[in-house]
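Heads up, the thing below is written out as structure tokens.
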Amino acid sequence: MKSLKDIYSYRYLLRKLTLTSLTIQFKKSFLGISWLVIQPLITIVAWVLLHGAGLFDPGDTGIPYPAYVLLSTSIWALFANLYALVSNALVMNSQLLMQHNFPREILLLERGAVAVFNAFIPILLSLGVLLIYGVSIRWTIVFFPLALLPLILFAFSIAVLFALVKAVANDLNNFFDKAIVLLMYVTPVVYASDPGSPLLRSIIRWNPLTYLLGFPRSLLLDSGPYAPLEFFWVSAGVLFFTVIVWRYFHHVQARIIERLIA
Amino acid sequence: MKEANPDIIVQAERLYKRFCRDMKWSMWYGLQDLLRKETIPDPELLKLRKHEFWAVRDVSLHIRRGQAIGLIGRNGSGKTTLMRLISGIIPASFGTLEQKGRITPIFRLRSGMHPHYTGRDYIYIQAAMHGMNKKEIDEKAEEVIRFAELEDFIDAPIGTYSSGMKARLGYSIAIASDFDLLIIDEALAVGDTEFRAKCLANLKEISQQKAIVFVSHNMEMVREVSNAIVVMDKGKKILESSDVDAGIDYYYRHLAQAGEKKAKPRTRIFIDKAAPLPPVAHNLPQQPLRHQLELISLHIPKTGGTSFRKILEKQYGPALTRLDIRNGKLLVDDKLFWGTALPAQSKVIHGHFMYPALRQCLAEGKEKPKMITWLRHPVDRVISNYFYLAGRMAEELNEEEKGLNILMKMQKSLLEYAESDFARNRMSKFLEGTAPEDFFFIGLTEEFESDVKKLAALLGWKIQELPHVNKSRDYREGIDSEILERIAALNEKDMLLYEKVIALRKKSKY
């Protein structure tokens, strides 16, 4: 509780850092904010080409494949961006951490906020593409942002754990960063939720990301809510996990941050 | 708190901090720390893990309102670590620490902020990290900008700021925060003299109601700011006193002792201020000497003058005369000179003489001879001079082994040598009574080769090969930075002279 109170008293720092980071990232780039649009477009082109060439079978996606890929990869990008930004929050700010005494959680939250903001633009864009493809969007869309929350918390908590590991050991991060990329292939992102391979099918079944990503996605589509019960239990687990990680971070951060080399 | 003294801001008891020298082991201990917290019952009995050492060891410190503590010690003596402990940036391995009120630390580190942030963003973010809220910052921002004298740059990205500008901004933000204790860890070292003076005045004012810890290697500044002093060595507090001068003195003696253990005998020499000069025949001319000189080359010791003389010898042959004036003796070509005019063929003189003495000896001609001299960075010159004398001394001692023991006892360390009146501001003494502008050319030892080429072009010389000039700064490696800074401070006049000549050279005066 003390940690939350501390953070609250530094709320202005969090707000200012987040706003400055958001504006700064497009300040000195030629294409500016349109990068947020261009990147997902490149991803779609890649997957649609692979699909069109008949290289793999995504299964029954229910809606036109390009729209499906765009939507799914933009939700996945939320997870991946959160991990990438938050897990580097301590290492990238070692100088600041070694000369100021402020709640270290501020840096994690700031990176998290930036990642969420950056992910929402492609998600909105993909909604537009769904409309172009004539997918009728259901009223359940109003719950979509709320339904993303467990995914956000999960990504954030994992990233916080790895932020600590990275502060101690630099070489481990390469390994885990690659592992996170691989996770996408065992989660129904670029293919439908019931692929042909039985092995993949059972991995998917036990992979919490399947539900954290599949349920919110299904709220946008005609297919009806995907595995709501599993989603509920996984979300409850994520919430518990988040609380534990948060407390753990608060407990160990001081003696881990001194291992940073500024 | 045991004693409810409202003036105590920091009460640190028996602080210990251990660090690991080896990165790989540090990683391993870090991973262990992720899983468990080690409790230390008594640090003095604790066996440190492999590669670990105490960066801070058994330091107790009470900081009260109205105190301005100068914290001094050699590099790596634990000053910054102690400051990080006190400001709560890192936790102590052992000991208790109680803080009351806001502690604002500024360190001499890169800001760690994105270089595209504007100065204004920088103010808001740094101030927020010092614990200020938006309203407070809004109120103080203009004052900060004014104090930092950055009105014209405040909306430019900080990546374009010089290190001095950043230091100015950092200091101004820190003093705007409503602190109870301000910690300045070398943060003013990069600022220019003018801003430093402004900060010093400001700090004196602050220390009336608040507390300051001032970490610095610049003893002049420590003297100015502090009303108490703490000396650290190897993680321990070795002295705490309210007598600042005595503390600094103690520190220097401590440094000298530590240096004595390290230094080899041959790097130490003796200069006895009290010993009278041997009686000499005073042969300075009664009447100024007549001459037809065109060029005067003034040789300040250890500036590359000997190499330059060799070049002059090649260019002018018999027209070059060596002339030295020392201890009231005028030597021409190494012999006492009694004549009334310089040799008729002399067009050029070169040698050791101070300018005022030369003016006494030479008659004013119709045409003023061109004057040339060489300067070198004063710190390098002093050190080089010291080692030169030390080397000479060692030779002398070998020749007369009988006297060795007595002489050894009278030897002086580098610092003692540098502090003697004889060694201080020697370049300025050589050029007294004249201005750098009066010289036809002032070369820099550091630029010897290119300067000789420049001179050759000006005077129409043909240079076949350049002699070697020793301008290495390697010996600086083995010398504590405190000593280097002290030497620079002792030779302030020479530093100014050196900087002035560099400025003149930039304006292509020569």
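Chains as they are written, first to last, in the working numbering: chain U, 1 to 262; chain F, 263 to 772.
For glycine and all other residues, C-beta sits at the position ideal for the given N, C-alpha and C.
Give me the Cβ distance between F476/F and I348/F, rounded to the nearest whole Å; I'm assuming they're in contact under 8 Å. In the second sequence, counting from the first residue as 1, residue 476/F sits at position 214. In the second sequence, counting from the first residue as 1, residue 348/F sits at position 86. At roughly 13 Å, the Cβ-Cβ gap does not stay under 8 Å, so F476/F and I348/F are not in contact.
Just tell me which of I261/U, E258/U, R255/U and D6/U has its CA closest to the CA of M391/F. Residue 391/F sits at position 129 when you count from the first residue of the second sequence. Minimum Cα distance to M391/F is reached at D6/U.
Measure the CB-CB distance between A119/U and A77/U and report whether it falls below 7 Å. Your numbering for residue 119/U matches position 119 in the first sequence. Your numbering for residue 77/U matches position 77 in the first sequence. Cβ atoms of A119/U and A77/U: closer than 7 Å.
For K16/U, count the other beta carbons within 10 Å of its own beta carbon; 16 or more makes it buried, fewer makes it exposed. Which is it? Numbered from its first residue, the first sequence carries residue 16/U at position 16. Result: buried.
Please tell me whether A438/F and K402/F are closer than 7 Å, where the distance is taken between their beta carbons. For this step, residue 438/F is matched to residue 176 along the second sequence. For this step, residue 402/F is matched to residue 140 along the second sequence. Their beta carbons are under 7 Å apart, which means A438/F touches K402/F by this criterion.
Among Y248/U, L19/U, G52/U and I44/U, which residue has its Cα nearest to the Cα of R298/F? The sequence position of residue 298/F within the second sequence is 36, counting from 1. Nearest neighbour of R298/F by Cα position, chosen from Y248/U, L19/U, G52/U and I44/U, turns out to be Y248/U.
Within 10 angstroms of its Cβ, does P268/F collect 16 or more other Cβ (buried), or is it exposed? In the second sequence, residue 268/F corresponds to position 6, counting from 1. Classification for P268/F: exposed.
Nearest to R280/F (by Cα), restricted to the options H313/F, Q273/F and R638/F: Position 18 of the second sequence, counted from the first residue, corresponds to residue 280/F. Answer by Cα proximity: H313/F.
Using three-state DSSP, classify M394/F as helix, strand or coil. Against the second sequence, residue 394/F aligns to sequence position 132. Coil at M394/F, not helix or strand.
Select from the stretch 78-96 of chain U all residues with a C-beta closer than 8 Å to any C-beta belonging to chain F, and list them in chain order. N93, S94, Q95 and L96
Proximity to Y278/F [Cα-Cα], best of S503/F, Q471/F, A520/F and L359/F: For this step, residue 278/F is matched to residue 16 along the second sequence. Nearest Cα to Y278/F within the set S503/F, Q471/F, A520/F and L359/F: L359/F.
Just grab the DSSP bridge partners of V245/U for me. As a working mapping, residue 245/U is identified with position 245 in the first sequence. In DSSP, V245/U forms no bridge with anything.
When you compare the CB of I42/U with every CB in chain F, is at least one pair closer than 7 Å? Reading the first sequence from its first residue, position 42 is the one you call residue 42/U. Chain F contact via Cβ: absent.
Is the CB of L371/F under 7 Å away from at least one CB in chain U? In the second sequence, the residue the question calls residue 371/F occupies position 109. With a threshold of 7 Å between beta carbons, L371/F makes contact with chain U.
Please state the DSSP three-state secondary structure of Q39/U. By one-based count along the first sequence, residue 39/U stands at place 39. Helix, per DSSP.
Are the stretch 603-612 of chain F and the stretch 740-754 of chain F in contact at 8 Å, needing three or more beta carbon pairs? no
Would you call the CB atoms of V86/U and F156/U closer than 7 Å? To locate residue 86/U, count along the first sequence from 1; it is residue 86. To locate residue 156/U, count along the first sequence from 1; it is residue 156. Yes, these two residues count as a Cβ contact at 7 Å.
Residues of chain U with a CB under 7 Å from the CB of S349/F: which are they? In the second sequence, counting from the first residue as 1, residue 349/F sits at position 87. The contacting residues are N101.
Are G566/F and F701/F close, meaning C-beta to C-beta below 7 Å? As a first step, residue 566/F must be located in the second sequence, where it is residue number 304. As a first step, residue 701/F must be located in the second sequence, where it is residue number 439. In this structure, F701/F does not lie closer than 7 Å to G566/F by Cβ.
Exposure label - V37/U; buried when at least 16 CB within 10 Å: Stepping through the first sequence from its first residue, residue 37/U is reached at position 37. Flag for V37/U reads exposed.
One question on the structure: do G335/F and M494/F come within less than 7 Å of each other, judged by their Cβ atoms? Position 73 of the second sequence, counted from the first residue, corresponds to residue 335/F. Position 232 of the second sequence, counted from the first residue, corresponds to residue 494/F. Yes, the Cβ-Cβ distance between G335/F and M494/F is below 7 Å.
Could you tell me the distance, in whole angstroms, from the CA atom of K397/F to the CA atom of L444/F? As a working note, residue 397/F is residue 135 in the second sequence. As a working note, residue 444/F is residue 182 in the second sequence. K397/F and L444/F: Cα-Cα distance of roughly 21 Å.
Whole-Å CB distance - T551/F paired with A625/F, under 8 Å assumed: Here residue 551/F corresponds to residue number 289 of the second sequence, with the count starting at 1. Here residue 625/F corresponds to residue number 363 of the second sequence, with the count starting at 1. According to the sequence provided, residue 551/F is Leu. The question's Thr does not apply to it. Right, their Cβ atoms sit about 6 Å apart.
Just verifying my parser: in three-state terms, what is the DSSP assignment at L220/U? The residue labelled residue 220/U in the question sits at position 220 within the first sequence. L220/U: coil per DSSP, three-state reduction.
Return helix, strand or coil for G332/F, following the three-state DSSP convention. If you number the second sequence from 1, residue 332/F lands on position 70. Correct three-state label for G332/F: strand.
Starting from F117/U, trace the beta strand (DSSP E) both ways and give me its first and last residue. Position 117 of the first sequence, counted from the first residue, corresponds to residue 117/U. No beta strand (DSSP E) holds F117/U; the alpha helix (DSSP H) holding it covers E105 to I132.
Report the neighbours of A53/U on chain F: residues whose CB is nearer than 8 Å to its CB, in chain order. To locate residue 53/U, count along the first sequence from 1; it is residue 53. What A53/U touches in chain F: nothing, since even the nearest Cβ is about 42 Å away.
At least one CB of chain U closer than 7 Å to the CB of A390/F: is that the case? Here residue 390/F refers to the residue found at position 128 of the second sequence. So yes, A390/F belongs to the interface.
Is the separation between the beta-carbon of Y760/F and that of P563/F shorter than 7 Å? Your numbering for residue 760/F matches position 498 in the second sequence. Your numbering for residue 563/F matches position 301 in the second sequence. No. Outside cutoff.
Assigned exposure category for F238/F - 16 Cβ within 10 Å defines buried: Here chain F comprises residues numbered 263 to 772, so residue 238/F is not present and cannot be evaluated.
Which of the three DSSP states is assigned to D495/F in this structure? The residue labelled residue 495/F in the question sits at position 233 within the second sequence. Correct three-state label for D495/F: strand.
Which residues share a DSSP beta bridge with Q273/F? Position 11 of the second sequence, counted from the first residue, corresponds to residue 273/F. H324/F and E360/F, per the DSSP bridge assignment.
Using the beta-carbon count (16 or more within 10 Å), is K286/F buried or exposed? Start at 1 with the first residue of the second sequence, and residue 286/F comes out as number 24. With fewer than 16 other Cβ atoms within 10 Å, it is exposed.
Residues that DSSP places opposite E467/F in a beta bridge: The count along the second sequence starts at 1 and reaches residue 467/F at position 205. None, per the DSSP bridge assignment.
Which runs of the alpha helix (DSSP H) at least 4 residues long sit entirely within the stretch 605-645 of chain F? Give them in chain order. Every alpha helix (DSSP H) of 4 residues or more that sits fully in the stretch 605-645 of chain F is shown, in chain order, as 617-623.
DSSP three-state call for A685/F: helix, strand or coil? Against the second sequence, residue 685/F aligns to sequence position 423. Coil, per DSSP.
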